[in-house]
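These notes concern the structure reproduced below.
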Amino acid sequence: MTEMDLRLLGQKDAFPLHVLRRLEATPLDYSEKHLSIVRSNAEGGRHLAAGVVVLLSYRNSEYVFQLIKRSETVAQAGDISCPGGMLERKTDEMLGHILLKTGIIRAADGRALDALPGRDEQTLGLVRLFLMNALREAWEEIGLSPLNVAYLGALPSYSLAYFARTIFPLVALVREPYSFQFSGEVEKVLEIPLRCFFERSSYALVEIESEPGSADPRYQVKFPGLVLPDGNGQNDILWGATFYIVTNFLKLVYPESFPDISPVRTVRRVLSPTYATGRRS
3 MTEMDLRLLG QKDAFPLHVL RRLEATPLDY SEKHLSIVRS NAEGGRHLAA GVVVLLSYRN
63 SEYVFQLIKR SETVAQAGDI SCPGGMLERK TDEMLGHILL KTGIIRAADG RALDALPGRD
123 EQTLGLVRLF LMNALREAWE EIGLSPLNVA YLGALPSYSL AYFARTIFPL VALVREPYSF
183 QFSGEVEKVL EIPLRCFFER SSYALVEIES EPGSADPRYQ VKFPGLVLPD GNGQNDILWG
243 ATFYIVTNFL KLVYPESFPD ISPVRTVRRV LSPTYATGRR S
């Protein structure tokens, strides 16, 4: 990453506008993907749609991602993810209608969300729908008020390999610091400086293993990931869908500067027998 790009990561006002411009020029597949989900479900499928929000916050003179670590009570326990969750269509459509009429959430440059260039009305409607879906979940999971964010853009959808689920990621700026209020689904919030993703030493090949008694072949694989010391002698590991979404965001924002990810070390991530379903009490 060039010195100029590194400086931009520390510029509180300039960086969000840079992100907004870059993402405005990014093609979106929301209309096509949403139509595919609707058709699949009409034919008896159970394909789920989920909105997540990639949160950027300015902390200690640089931008960080605010990600959550999932608690032991939910599916994919211990994973690091973006706040968000499954679409609740009636609720999220109502909230999206309120968003459109009141303009309470705007882009980082002050524009209304119905005045963004380069998007057809159907795509804009889906962006608003999944934005409200993701922000509703963020309010429930970590106590982030939707009034405390500014819209920065949307990322292409991501369909999971082993589950009938498609993620629609949005990007938002946290305007002011706030007190986290965790739901039972969240263990903690991780604030990861964006610069970490431009340091090759942060990356590793994540060797996924199942605990004895859970030899699910889906999880006997290796993925690239980001290793984060937790301050207690252990590591938090960012891998899977969230790793893809976050690194894809950075590649779109810095297409010339994002490093080639070629991990030279391997770390292990052992999944419990209840990883896919959660440990319900």
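If you're matching positions, the sequence shown starts at 3 in our numbering and goes up one per residue. By construction, the Cβ of each residue, glycine as well, lies at the ideal position given by its N, Cα and C atoms.
Worksheet item: What's the gap between the Cα of Val173 and the Cα of Phe132?
Response: Indexing the sequence shown from 1 puts residue 173 at position 171. Indexing the sequence shown from 1 puts residue 132 at position 130. Taking the straight line joining both Cα atoms gives about 11 Å.
Practice prompt. Quick one: grab the DSSP three-state call for Leu240.
Written response: Within the sequence shown, the letter at position 238 stands for residue 240. Here Leu240 sits in strand by DSSP.
Item to complete: Return yes when the Cβ of Asp238 is within less than 8 Å of the Cβ of Leu192, no when it is not.
Response: Counting from one through the sequence shown, the residue named residue 192 turns up at place 190. Counting from one through the sequence shown, the residue named residue 238 turns up at place 236. Taking the C-beta atoms as reference points, Asp238 is found nearer than 8 Å to Leu192.
Worksheet item: Since Ile144 and Tyr205 are thought to touch, with beta carbons under 8 Å apart, how far apart are those beta carbons, to the nearest angstrom?
Response: Here residue 144 refers to the residue found at position 142 of the sequence shown. Here residue 205 refers to the residue found at position 203 of the sequence shown. The pair is not a contact, with the Cβ atoms about 26 Å apart (cut-off 8 Å).
Worksheet entry | Any 3 or more C-beta pairs closer than 8 Å across the stretch 229-246 and the stretch 96-113 | Not touching, per the Cβ criterion.
Fill in: Integer-rounded CB distance, given that Gly186 should sit under 8 Å from Ser38
Along the sequence shown, read from residue 1 onward, the residue named residue 38 stands at position 36. Along the sequence shown, read from residue 1 onward, the residue named residue 186 stands at position 184. Going by Cβ atoms, the distance from Ser38 to Gly186 rounds to 33 Å, so no, they are not a contact pair.
Item to complete: Run the CB neighbour count on Ile70, radius 10 Å, all protein chains shown included, and call it buried at 16 or more, exposed below.
Response: Locating residue 70 in the sequence shown gives position 68, where the first residue counts as 1. Residue burial is scored here from C-beta neighbours: Ile70 has at least 16 other C-beta atoms within 10 angstroms and is therefore classed as buried.
Fill in: Coarse secondary structure for Tyr65, derived from DSSP in three states
As a first step, residue 65 is located in the sequence shown; it is residue number 63 there, counting from the start. Residue state, collapsed to three classes: strand.
Discussion item. By alpha-carbon positions, which one of Ile210, Thr75, Gly227 and Thr28 ends up nearest to Arg121?
Written reply: If you number the sequence shown from 1, residue 121 lands on position 119. Out of Ile210, Thr75, Gly227 and Thr28, Thr28 has the C-alpha closest to the C-alpha of Arg121.
Practice prompt. Mark Ile210 as exposed unless 16 or more other C-beta atoms lie within 10 angstroms of its C-beta, in which case mark it buried.
Written response: Working through the sequence shown from its first residue, we reach residue 210 at position 208. With 16 or more other Cβ atoms within 10 Å, it is buried.
Discussion item. For Asn62 and Ser161, I'd like the C-alpha separation in whole angstroms.
Written reply: Locating residue 62 in the sequence shown gives position 60, counting from the first residue. Locating residue 161 in the sequence shown gives position 159, counting from the first residue. If I take the Cα positions, the gap works out to 35 Å.
Fill in: Enclosing beta strand (DSSP E) for Glu193 [first to last residue]
Stepping through the sequence shown from its first residue, residue 193 is reached at position 191. Counting along the chain, Glu193 sits inside the beta strand (DSSP E) bounded by residues Val188 to Pro195.
Discussion item. According to DSSP, is Pro261 part of a helix, a strand, or is it coil?
Written reply: The sequence position of residue 261 within the sequence shown is 259, counting from 1. The answer is coil: DSSP assigns Pro261 none of H, G, I, E or B.
Practice prompt. Provide the residue span of the beta strand (DSSP E) that contains Ala165, from first to last.
Written response: Taking the first residue of the sequence shown as 1, we reach residue 165 at position 163. Rather than Ala, the amino acid found at residue 165 in this sequence is Phe. Here Phe165 belongs to no beta strand (DSSP E), and DSSP marks it neither H nor E.
Practice prompt. State the CB to CB distance for the pair Val129 and Ala156, rounded to an integer number of angstroms; the pair is presumed to be in contact (CB under 8 Å).
Written response: Your numbering for residue 129 matches position 127 in the sequence shown. Your numbering for residue 156 matches position 154 in the sequence shown. Yes, they are in contact, since the Cβ atoms of Val129 and Ala156 sit about 5 Å apart, within 8 Å.
Fill in: For Tyr256, three-class secondary structure by DSSP
Numbered from its first residue, the sequence shown carries residue 256 at position 254. Coil.
Worksheet item: With burial defined as no fewer than 16 other Cβ atoms inside 10 Å of the residue's Cβ, what is the status of Tyr164: buried or exposed?
Response: Position 162 of the sequence shown, counted from the start, is the residue given in the question as residue 164. The residue in question, Tyr164, is exposed, as its Cβ has fewer than 16 Cβ neighbours within 10 Å.
Worksheet item: So, using beta-carbon positions, are Leu50 and Ala140 closer together than 8 Å?
Response: As a working note, residue 50 is residue 48 in the sequence shown. As a working note, residue 140 is residue 138 in the sequence shown. At the C-beta level, Leu50 and Ala140 stay beyond 8 Å of one another.
Discussion item. Considering only DSSP beta bridges, list what Glu211 is partnered with.
Written reply: Here the question's residue 211 lines up with position 209 in the sequence shown. In DSSP, Glu211 forms a bridge with Val272.
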